[in-house]
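A short worksheet on the structure shown next.
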Amino acid sequence: SRLLEPNLIYNALLAARAPTQAAEIGVSPQYLAHTVQYCRDIRARYTVLDLAHELGVLKPYAQDCETAARQGKLP
């Protein structure tokens with residue numbers, strides 16, 4: 386199997402009139418950043434989020450998500 390291109394997923398969501406931005410479901414930019422940064426703690430198994438944390442890129446990515454959400458853009 387392969388991963389779908391982000392634009393394909395985004396366009397499918399638009400066609401379905403589904404939300405594509407955190408604000409559309411009532412999630413603030415701050416809460417989005419917090420969720421991205423700490424969602425790795427939900428699973429008791431090692432995931433790509435744990436790897437990102439260990440590499441030191443998860444927190445900057447969470448901050449990028451917050452900035453993008455403030456601008457109404459996808460990270």
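To convert, take the position in the sequence shown, counting from 1, and add 385; that gives the working numbering. For every residue, glycine included, the Cβ atom is placed at its ideal position computed from N, Cα and C. On a predicted model such as this, the values are computed, not experimentally measured, just so you know.
R425 and L434 have their C-alpha atoms spaced approximately 5 Å apart. Counting the other Cβ atoms within 10 Å of the Cβ of E451 gives 16 or more, which makes it buried.
Counting of Cβ neighbours within 10 angstroms places L443 among the buried residues, the total reaching 16 or more. Around the Cβ of A408, a 10 Å sphere holds fewer than 16 other Cβ atoms; the residue is exposed. Per DSSP, D426 is not a residue of any alpha helix (DSSP H), being assigned neither H nor E.
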